[in-house]
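Chemist: Sharing a structure here in structure tokens format.
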Amino acid sequence: MPITIGRGFLKSEMFSQSAISQRSFFTLLWEKIKDFFCDTQRSTADQYIKELCDVASPPDAQRLFDLFCALYELSSPSCRGNFHFQHYKDAECQYTNLCIKDGEDIPLCIMIRQDHYYYEIMNRTVLCVDTQSAHLKRYSDINIKASTYVCEPLCCLFPERLQLSLSGGITFSVDLKNIEETLIAMAEKGNLCDWKEQERKAAISSRINLGIAQADVTAIDDAIKNKIAAKVIENTNLTNATFEPNYVQSSVTQIVYSCLFKNEILMNMLEESSSHGLLCLNDLAEYVALQVHNSLFSEDLSSLVETTKNEAHYQS
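Our numbering puts the sequence shown at residues 1 to 316.
What follows is the structure, given as structure tokens:
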């Protein structure tokens with residue numbers, strides 16, 4: 001089954017996140033490779049594997065690399081041939097593949113790319129994490145990154161955790177599973193396909209309407225709005241997209257706000273900080289909503305508001 005990563009594809013078997021626990025990941029991998037380590041090194045190797053399999057707080061790409069190298073150093077000399085490193089780099093791309101082989105089996109494979117990394121246990125994808133962090137649009141002191149896991153019911157890699165890094169070394173994460181669970185519930189009721197059709201229209205229309213509003217151009221009626229929208233949709237290659245002049249917010253955005261409101265750490269930060277407030281929350285919600293939309297529809301709407309503003313000025 002192809003699993004969408006942006007506009008690329010990864011083909012693999014999938015673990016069901018609800019059926020396979022973190023402990024199961026650890027046990028499956030450890031049972032396959034524990035004999036690669038002598039008795040005196042197994043305790044340390046055990047701890048490294050537990051850290052690697054911590055899907056609630058996954059290691060970043062550099063830490064994954066460090067863990068793999070540490071396991072290599074701990075392995076028995078006779079077993080080090082089971083550890084394989086492959087690195088490629090040219091002017092256009094680079095990647096690193098790290099794997100542990102046991103005959104025909106590959107208990108662990110780590111693939112680090114320029115914009116994401118993922119790893120597999122026994123040829124099944126455990127998780128994929130986007131490695132390119134971003135700054136909030138109006139808050140350069142906040143770095144954000146989405147951790148993306150395989151979601152079998154939705155057949156995509158879905159953002160389940162938002163990682164935030166603030167100035168002063170403050171780092172915390174926001175669990176986004178409520179968003180995924182809401183959509184899975186729709187799928188189980190058989191409503192997801194119809195909902196997605198309306199959601200795509202709302203997501204595109206609301207951002208076009210926001211771009212028109214931010215352009216602050218006077219005397220724009222529905223006919224001009226439709227003309228602007230048609231041009232924007234054409235220029236951004238949004239195939240088969242339709243526009244509704246009255247949409248102001250998508251369902252995904254509403255679900256995202258509901259999810260963010262439930263995170264006490266985030267709410268306390270916004271309440272206590274004089275420099276972070278409602279606009280910061282709006283930017284966070286938009287970032288997550290764009291990630292969710294990209295997962296569901298494999299299209300990037302991040303430039304839609306700005307593109308619409310430019311088109312509105314041109315049409316005026």
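The beta carbon of each residue, even a glycine, is placed where N, CA and C say it ideally should be.
All of these numbers come straight from a predicted model, not from anything done at the bench.
1. Write down every uninterrupted run of the alpha helix (DSSP H) in the segment 265-308 whose length is 4 residues or greater and which is fully enclosed by it, in chain order.
2. Taking the runs of the beta strand (DSSP E) that are 3 residues or longer, which of them lie wholly in the segment 128-162?
3. Give me the residue from Glu152, Arg113, Ser165 and Asn246 with the minimum Cα distance to Ser133.
4. Quick check on the burial criterion: 16 or more other C-beta atoms within 10 angstroms. Buried or exposed for Glu73?
5. Name the two residues that bound the continuous beta strand (DSSP E) containing Leu210.
6. Classify Asn294: buried if its beta carbon has 16 or more other beta carbons within 10 angstroms, exposed otherwise.
7. Of all the options Asp141, Glu180, Leu290 and Leu301, which has the alpha carbon lying nearest to the alpha carbon of Pro153?
8. Measure the C-alpha to C-alpha separation of Glu199 and Cys128 and round it to an integer number of angstroms.
9. According to DSSP, Asp66 sits in a beta bridge with which residue or residues?
10. Quick one: using the 10 Å Cβ neighbour count with 16 as the cut-off for buried, is Gly211 buried or exposed?
11. I'd like to know whether the C-beta atoms of Leu162 and Ser173 end up nearer to each other than 8 Å.
12. Here's a check: name, in chain order, each residue in its chain whose Cβ is nearer than 7 Å to the Cβ of Met186, leaving out the five neighbours to either side.
13. Taking its Cβ as the centre, do 16 or more other Cβ atoms sit within 10 Å of Thr239, making it buried, or is it exposed?
14. For Leu64 and Leu52, I'd like the C-alpha separation in whole angstroms.
15. Pop quiz: Thr236 and Leu304 are said to be a contact at Cβ under 8 Å. What is the actual Cβ separation, rounded to whole angstroms?
16. Is it true that the segment 42-59 meets the segment 23-34, where meeting means three or more beta-carbon pairs spaced less than 8 Å apart?
17. Could you check which residue in Lys225, Gln86 and Thr218 has the C-alpha nearest to that of Arg207?
18. How about Phe243 and Ile233: are their beta carbons less than 8 Å apart?
Modeler: On the basis of the supplied data:
1. 278-297
2. 134-136 and 139-151
3. Ser165
4. exposed
5. It is not in any beta strand (DSSP E) - Leu210 instead sits in the alpha helix (DSSP H) that spans Leu192 to Ala215.
6. Classification for Asn294: buried.
7. Glu180
8. Looking at the two C-alpha atoms, the distance is approximately 25 Å.
9. Paired residues: none, contrary to the question.
10. buried
11. yes
12. Leu192 and Trp195
13. exposed
14. 7 Å
15. That pair is a contact at about 6 Å.
16. yes
17. Lys225
18. yes
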